[in-house]
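Notes to accompany the following structure.
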Amino acid sequence: MWLNPEEVLVKNALKLWITERSNAFFLLQRRRGRGEPTGKISGLLVGALDTVLDSNARVTPFRILLQVPGSPISWIIASGAAMEEVNKHWDWLVHNLLHSLSVFDNKDDVSNFVKGKVKGLIAEEVRGRQAAQEDDPEKFREALLKFELHFHLPSSEKLVTFYSCSCWKGRVPRQGFLYLSINHMAFYSFLLGKEVKFIIPWAEVTRLERISGGFMTDAIRVSTRLRQRDFSMFLNLDEAYGVVGQLADIALRRLLDSEGLELDRVLQQPARITKRVLEEQALREYVLALFRLPRSERLHEVASCAVWTPHARCHTAGTLYTTDNYLCFSSREEGECLLLLPLYEVLSVEKAESSQVLPEPIIVSVRSKKAFQLIQLQEREHLVESLTCRLRSLQLKQSTFRWGAHNRTASSCSYYTFYYHEDEDEEEVEEQVLRNTVNSQALITAFQHASNNNNKNIEAAKERLWEDHFMEFGRGVHMFRTEKVQRLVAMGIPESLRGELWMTLSDATSDLETHQGYYASLVHKSMGQSSLATEEIERDLHRSLPDHPAFQNPTGIAALRRVLTAYAHRNPKIGYCQSMNILASVLLLYAKEEEAFWLLVAVCERMLPDYFNRRVIGAQVDQSVFEQLIRERLPELAEHFPDLSTLSSVSLSWFLTIFVSVMPFHSAVCVVDCFFFHGIKAIFQLGLAVLEATCQLLLGSCDDGHALMVLTSFLEHVNREDSSSQPPADQVHVTQLINDALERFGDLTVRKIERLRCHHRIQVLQAHEDTTKENTTEHFISLYWGDSSMAAAAQAASWSRGVSCLERQYRLDRPQFKSLYGLLAPWAGESNHHADTLADRTFTLLDQDQDCLVTFRDFAAWLDTLYYGELNERIKLLYRLHLPPALTASEDLSSLMPGVSTSRPLYVKVASGLGDGQEVKDYQEQLKQMLQDLVVDKEKDVEKPLPLMNQKEFIQFCKTLYSMFHGDPEENELFQAIATVTSLVLQIGEADHRGRAPRSGGGDCPDNRPDSKSKESEWTVSFAQIFASLLTEQTLVNFLEKPGDLVVRIAEAKQKQYQQRAGLLTLQQRHR
């Protein structure tokens, strides 16, 4: 293989290498002892040296050196493990380089030329390896070359994929290519001699959204803190939007998130990220969310097939997914039929005889003496072999674990054994027993609410329905999950089966089966330890369902303490978070204590990922997703509440506690039933149903407090059908509410939720990063200035106005800004007086809140416009500098442009033979034609057009243009160009002025009327007219479009400031 050239000071040190082939510039060498008959003393010595003395013991046996005649230094440029490999490189050097090297006179030129060629070959090999992983390698290789040529990013910046699309600037699309790499998105376009290119780091992306409207039928909008970019005309917009979202999400998780959001091992290595890897990762995330699998599961096979469904008496078509420990099946329509088979339940996977009726079948046998038939598997041989191998490995692991667990149990005290000290009193002994005794029954069996005969009859009827269902669909974790199960769950699971079905639907049964004795060991280790988590647990124990008798009793409190403490010990990253106590309390009521622990594990780690940590990122992401769903599904409500944070602040508790904290208990438990069946999708659907049911009341609410009362009152009146605690008029049946949610919002799929989560996570992470910076800045400011400082008060005022951290960190007053303006402005010119005037106007323009300070963000945006903005943006900035408020009335306007009167209308020479009417018509036609030919770019965020410029303001504008060209090599041409443009604009303005002047019956000249001064004030020109006139002079356009190098300008400014300060220090030392 080719190597980056590495110097070798002594070519044959200690005679370790033998030269096999050579010429004037290259040597092919073999390591002594390689390729020789065994037993030679030289080979044995070199082998010993390679193993003992050489720091790189595994040295390759063949290499190629570059040697320059007359130079003592050589360079290793290639190596290989076999002679055939190195001979290929040698032949390439001889045929392609050797004859070219003789033309060089300087030996340094020879070495530089060869090293450059070798590095190019290495880069080509890297590109080839990357391209080989793509669907179209040649096309990707070409795109990779263009990406490196246009953007000059580090060699480690790996291109993932690229798309042909258009980037919009106002109403003008620029067709080009969007390149997506591991750390950046970059766009390049070159049309009609106009080059447009820019780079956006993923870390600066704050929002991604799909938009549609106006000229863009369907586009992707990428927002940063400074600007927005719109991309459209993709061949496959869905794919591009997904990849952009994934790359931004991965980069932000890697760069901004230090805890919680763990990346897959493949994604932790950026060099391995490809488009195919991203597609596989997106599919994996979807499968984990659909079946609520552990986050550590890896996706292995995905195959289309059909499963025999006995309840439907037919084969149901869908997709089979296999992971480390599961077989999963989903019908083509999501939610119609799901099947989950843990591999620990599977006994065998066997091929059956293929026929025309049953093509390519396999039989999966499980421990409950049931079998599942799958047909139409395209790669049956590979699938069966892979599953059989994983089954053997899993069975071996289980047998080893069970043998070790049996020994540990036999040799250690069971957690049912208690120790008593003789000096302990009876209360302490009882408390010790309660703290360490693990309940073997659900708390509801000992603390059952009194129920009437009607409730008992309803429970008995539900139990019969479920028993009939078990007979038809099966019982246990491998039960078919169909629409019939969905209807039964919506009715409410009977209390006698609730714990079992929660374990089944969440697949916590698998964790319990494969971790026998694990909970007991956690209880034994964690009890008696003190930490921040245990202190918070003790504080919240008596706040968990305080109205339920089970938690007014020491038995229930002790069980809750054990479950929460054991989980905090199991998962220190989460430890304990508020609302976990409420969930654990509900679980303990209907499940045994150990089962409740594994249900809590399933909820915190699989069903609500990233919810329960210090920053609750997952809950914030889902709130952002919920807001978007409100905008899509309930547009009237979104229009009434432009800021949906009011509703999301209320709904946060719905997601964190699964409605347990906001509904009557027995109604909330029915919601928990749906949650274990549908996952987080049930909470989204029910939340939308609640808002839809209260929509009219919310639309009539006068403020946020009223809206909060409406939602609170509605949820408090949600009861079961068998409840009679409220009058019928006030009741809302929970079963009906759940059915309404499924009927109205049943089309909301897990796939859509996962896509929305990916894109909204970007916004949440960026907002959290800003908050972290703000808190850090606030802390250091308070330490530095103290609470009584006026600067600290100013900072506090800016926080109260919602100013972001980046804006608050650095701000400039007027003298500081003017100093930087003189150092960095690209068009400062030689006129110090006018440059100072422009600096004053620019400061006034940027100081939008009029606090006599300019934020660093505004200063950076101003520099970005001057150095990297489009032509229309630069002209627009100059135009705004000559309008109020930048241009103040106190400036002496007449003295700045000698020779031009501002007290009378301008005289425009009219061609002979033309009257006033013809003159006005000609200029109007000329202006109309110019504006028709002009394509004016307008930013989307400009809310209203720029105001018109009067004659005095235009004269100031001309003065600025004249002052910009001093010292330029093309100064004369530029002066002529600006004179032409000025004359043209003055003529256009005068023509418009005369055209608007009212015509009098006596035919008097307008200039001789007494009110001529009031008419003079109507002389105006627009930005479009000035811009169109400037475009007529190419010399002027070239000057204004000339790119500047801000990096060089900053370096020069630093040097200039250093020299000034050094001079001041010298003067001070002399005076001393």
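The opening residue of the sequence shown carries number 174 in the numbering used here; numbering runs sequentially from there. Think of the CB as a built atom: it goes at the ideal place given N, C-alpha and C, for glycine as much as any other residue.
Taking the C-alpha atoms as reference points, what is the distance between H715 and K629?
Cα to Cα, H715 sits roughly 30 Å from K629.
Over the uninterrupted beta strand (DSSP E) stretch that includes P346, give me the two end residues.
The continuous beta strand (DSSP E) containing P346 extends over residues 345-354.
For the structure I just gave you, are there three or more beta carbon pairs, one from the stretch 445-458 and one from the stretch 411-423, closer than 8 Å?
A contact is defined here as three or more CB-CB pairs under 8 Å, and the stretch 445-458 meets this definition with respect to the stretch 411-423.
Assumed close pair S821, Q796 - CB separation to whole angstroms, cut-off 8 Å
Contact annotation, S821 with Q796: C-beta distance approximately 4 Å; criterion of less than 8 Å satisfied.
Where C338 sits in the DSSP three-state scheme
DSSP places C338 in strand when its eight states are reduced to three.
Quick check: the Cα distance between K1094 and E1043, rounded to an integer number of angstroms?
Here the model assigns K1094 a pLDDT of 46, short of 50, so the residue's position is not dependable and the matter cannot be decided.
By Cβ distance below 6 Å, which residues in the same chain neighbour Q1124 in space, the five residues on each side in sequence not counted?
Cβ neighbours of Q1124 beyond the five flanking positions: W1192.
Could you pull out every residue in the same chain whose Cβ sits closer than 8 Å to the Cβ of L733, ignoring the five residues on either side in sequence?
The residues are L714, S717, F724, N754, A757, S758, L761.
Determine the burial state of N627: buried for a count of at least 16 other Cβ atoms within 10 Å of its Cβ, exposed for fewer.
The residue is exposed, with fewer than 16 neighbouring Cβ atoms inside 10 Å.
Between I372, Q659, L456, M664, which lies nearest to H906 when the distance is taken from Cα to Cα?
Closest by C-alpha distance to H906, out of I372, Q659, L456, M664, is M664.
Helix, strand or coil: which one does DSSP assign to C1025?
Three-state DSSP puts C1025 in coil, outside helix and strand.
Would you identify the three-state DSSP class for I250, choosing helix, strand or coil?
It is a strand residue.
State the Cα-Cα distance for the pair P457 and R205, rounded to the nearest angstrom.
The identity of residue 457 in the sequence shown is Arg, whereas the question assumes Pro. R457 and R205 have their C-alpha atoms some 51 Å from each other.
Segment contact flag, the stretch 528-545 with the stretch 673-688, C-beta cutoff 8 Å, min 3 pairs
Flag = no, the stretch 528-545 and the stretch 673-688 do not touch.
Would you kindly check if the distance between the Cβ of Y361 and the Cβ of H323 is under 7 Å?
At the C-beta level, H323 and Y361 come within 7 Å of one another.
Mind checking C338: buried by the 16 CB within 10 Å criterion, or exposed?
It is buried - the Cβ of C338 has at least 16 other Cβ atoms within 10 Å.
Kindly indicate which residue of D846, L881, N196, L829 has the alpha-carbon position closest to the one of Y763.
The residue with the shortest Cα to Cα distance from Y763 is D846.
Quick check on the DSSP output: what are the complete alpha helix (DSSP H) runs of length 4 or more inside the stretch 659-685, in order along the chain?
DSSP runs (the alpha helix (DSSP H)) wholly in the stretch 659-685: 668-679.
Which residues in the same chain have their Cβ closer than 6 Å to the Cβ of A769, if we skip the five residues on either side of it in sequence?
Excluding sequence neighbours, A769 sits near V736, L760, L761.
Selected residue, minimal CA-CA separation from L674, among R236, Q989, F653:
F653 is the residue among R236, Q989, F653 whose C-alpha sits nearest the C-alpha of L674.
Buried or exposed (CB count within 10 angstroms, at least 16 for buried), E656:
By the 10 Å Cβ count, E656 comes out exposed.
Can you give the Cα-Cα distance for E711 and E558, rounded to whole angstroms?
Rounded to the nearest angstrom, the two C-alpha atoms are 52 Å apart.
What residue range does the beta strand (DSSP E) around T492 cover?
First-last of the beta strand (DSSP E) with T492: 487-496.
Taking Cβ positions, are N912 and P837 nearer each other than 7 Å?
Cβ atoms of N912 and P837: not closer than 7 Å.
Three-way DSSP call (helix, strand, coil) for S1202 in this model
DSSP places S1202 in helix when its eight states are reduced to three.
With a Cβ-Cβ cutoff of 7 Å, do E523 and I536 count as a contact?
Yes, these two residues count as a Cβ contact at 7 Å.
Quick check on this structure: which residue in F1196, K925, L705 has the alpha carbon closest to the alpha carbon of E1047?
Going by the sequence as given, residue 1047 is Arg instead of Glu. Among F1196, K925, L705, the Cα nearest to that of R1047 belongs to F1196.
Beta-carbon proximity of L1246 to T379, cut-off 7 Å:
A question about residue 1246 goes unanswered here, because the residues of the chain that appear run from 174 up to 1245.
For P808, which of helix, strand or coil comes out of DSSP?
It is helical.
Beta-carbon gap between A1150 and T1208 smaller than 7 Å:
The Cβ atoms of A1150 and T1208 lie closer than 7 Å to each other.
Could you please give the first and the last residue of the uninterrupted beta strand (DSSP E) stretch that includes Y361?
Element bounds for Y361: 357-364.
Determine the DSSP secondary structure at A479, reduced to helix, strand or coil.
Strand.
Cβ-Cβ distance between L1203 and V1154 below 7 Å:
Yes. Within cutoff.
For A544, the first and last residue of its enclosing beta strand (DSSP E):
Annotation: the continuous beta strand (DSSP E) that includes A544 extends over 544-548.
Could you check what DSSP says for W1192 in three-state terms: helix, strand or coil?
When DSSP states are grouped into helix, strand and coil, W1192 belongs to the coil group.
Residue ranges of each alpha helix (DSSP H) within the stretch 877-932, 4 or longer
Entirely contained in the stretch 877-932, the alpha helix (DSSP H) runs reaching 4 residues are, in chain order, 877-889, 907-918.
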